[in-house]
Amino acid sequence: MSHSLALFSIVASSFTSGAKLAWSLVSFPALLGTLGSLPEAAALDIWYHTFDHGFLMVAPLTLVSGMVCLVNAYLAHSRGSGSTSTGLLFLAGLANIGITPFTFAFGVDVNAELHLRRATHGKKDTSHDARLRSGVRGTTPSQQALGVASTAEVLRRWALLNGVRALLPLTGALLVCGCLLLEV
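Residue numbers are given in our numbering: position 22 of the sequence shown equals residue 34, and the series is strictly consecutive.
Quick look at the structure:
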C-alpha cells in the first residue's frame, strides 16, 4: 500500500463528503427557510449553480479518489500486504465510485424535475446534465409524484439524497483510515 495514495484518498474523500454535507445540512436548509420571501426562480437558480459547481468539482474528485483506492488495493495485494488491507482499500474505492450508480438509481428524476422547473421559469439551462432532462415530465412514477410536489419539497428531497450520497465518500475515507491503522 502506498501511504501517499492513501493520504490523497482520505483528503479527497473527506473534502467531497464535507462539501456535500455542508450543502445538505447548511446551505439548503437556509435556502428553504427563505423560500417564503425569495422568488421560486431565484431558489432554482441557487440550486442550479450549486448543482453545476458540484458536478464540475466534486464528482470528478470523488471518482479519482475511488480510482486511487482501487490502485492502492492492487498495490497492497501485489506487495503481499494482506487480504484485510486489500479488502478495505477495495471497499473504499467502491464506496467512492458508488456515488455514480447511486445518482443514476435515485437522483436522476429529482435532478430532471429541478432542471425542468428552472427551465419553465425562463432560465436557459446549460448544465452538463442535459441528457437526463430529455424525457417528458411525468414519464415514471417518481417523476409523476415529483410533478405534484412543490419546489420546496423537491429541493428537500434533493438535499436528502445529496446528504446520503455524502456518506459514500465518508465511508471510503474511514475505510482507508482503518487500513492505515492496521499497519501501525
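Cβ coordinates follow ideal geometry from the N, Cα and C atoms, glycine included.
Going by alpha carbons, who is nearest to Leu37 out of Leu182, Glu195, His127, Asn174? In the sequence shown, the residue the question calls residue 37 occupies position 25. When each option's Cα is compared against that of Leu37, the closest is Asn174.
By DSSP, does His65 sit in helix, in strand, or in coil? By 1-based counting over the sequence shown, the position of residue 65 is 53. If DSSP states are grouped into helix, strand and coil, His65 belongs with the helices.
From Gly94, Thr46, Asp64, Leu182, residue whose alpha carbon lies closest to that of Ser21: Your numbering for residue 21 matches position 9 in the sequence shown. Scanning Gly94, Thr46, Asp64, Leu182 for the CA closest to the CA of Ser21 turns up Leu182.
Whole-number beta carbon distance between Arg130 and Leu186, since they are thought to touch under 8 Å: The count along the sequence shown starts at 1 and reaches residue 186 at position 174. The count along the sequence shown starts at 1 and reaches residue 130 at position 118. With 8 Å as the limit, Leu186 and Arg130 do not qualify as a contact, their Cβ atoms being about 35 Å apart.
Under a three-way DSSP split, which group does Pro51 fall into? Taking the sequence shown and counting its residues from 1, the one referred to as residue 51 is at position 39. Looking at Pro51 - three-state DSSP - the assignment turns out to be coil, as it is neither helix nor strand.
Compute the distance between the beta-carbons of Ala9 and Val70, then report whether it is under 8 Å. This structure cannot settle anything about residue 9, because the visible part of the chain is limited to 13 through 196.
By the three-class DSSP mapping on this structure, what secondary structure does Met13 have? Taking the sequence shown and counting its residues from 1, one reaches residue 13 at position 1. Shown here, Met13 sits in coil according to DSSP, grouped into three states, outside any helix or strand.
Going by DSSP in three states, Arg168 sits in which element: helix, strand or coil? Along the sequence shown, one-based indexing puts residue 168 at 156. Of the three classes helix, strand and coil, the one that applies to Arg168 here is helix, per DSSP.
Look at the alpha carbon of Phe116 and the alpha carbon of Ser162, and state the distance between them as a whole number of angstroms. Position 104 of the sequence shown, counting from 1, holds the residue named residue 116. Position 150 of the sequence shown, counting from 1, holds the residue named residue 162. The straight-line gap separating the alpha-carbon atoms of Phe116 and Ser162 is approximately 22 Å.
Tell me, to the nearest whole angstrom, how far the beta carbon of Leu17 is from that of Val83; I am working on the premise that it is less than 8 Å. Residue mapping note: residue 17 aligns to position 5 of the sequence shown, counting from 1. Residue mapping note: residue 83 aligns to position 71 of the sequence shown, counting from 1. Leu17 to Val83, Cβ: 7 Å. Contact.
Hey, Leu167 and Ser97: beta-carbon distance below 8 Å or not? Here the question's residue 167 lines up with position 155 in the sequence shown. Here the question's residue 97 lines up with position 85 in the sequence shown. Ser97 is positioned such that its CB atom lies no closer than 8 Å to that of Leu167.
Residue of Glu165, Met79, Ala124, Ala88 minimising C-alpha distance to Ile111: By one-based count along the sequence shown, residue 111 stands at place 99. Of Glu165, Met79, Ala124, Ala88, the residue nearest in Cα terms is Met79.
Starting from the Cα of Pro113, find the closest Cα among Trp35, Ser90, Leu180 and give me that residue. Walking along the sequence shown from the start, residue 113 turns up at place 101. That would be Leu180, whose Cα lies nearest to the Cα of Pro113.
Between Phe63 and Ala171, which are expected to be in contact by the criterion C-beta below 8 Å, what is the C-beta distance as a whole number of angstroms? Here residue 63 refers to the residue found at position 51 of the sequence shown. Here residue 171 refers to the residue found at position 159 of the sequence shown. Phe63 to Ala171, Cβ: 11 Å. No contact.
For the putative contact between Leu87 and Met13, defined by C-beta atoms under 8 Å, what is the C-beta separation to the nearest angstrom? Taking the sequence shown and counting its residues from 1, one reaches residue 87 at position 75. Taking the sequence shown and counting its residues from 1, one reaches residue 13 at position 1. About 6 Å separates the beta carbons of Leu87 and Met13, which is inside the 8 Å limit, making them a contact pair.
Thinking just about the alpha-carbon of each residue, which of Ser29, Ala24, Thr46 is nearest to the one in Ala164? In the sequence shown, counting from the first residue as 1, residue 164 sits at position 152. Checking every option, the nearest Cα to that of Ala164 belongs to Thr46.
Just verifying my parser: in three-state terms, what is the DSSP assignment at Val148? What you label residue 148 is simply residue 136 of the sequence shown in a count that begins at 1. Below a pLDDT of 50, predicted positions are generally treated as unreliable, and Val148, at 42, falls in that range; no measurement from the model is reported.
Short check: CB of Val188 to CB of Leu101, under 8 Å? As a working mapping, residue 188 is identified with position 176 in the sequence shown. As a working mapping, residue 101 is identified with position 89 in the sequence shown. Contact: yes.
Anticipated Cβ contact below 8 Å, Leu197 with Thr132, distance rounded: This structure gives no information on residue 197, because the portion of the chain shown stretches from 13 to 196.
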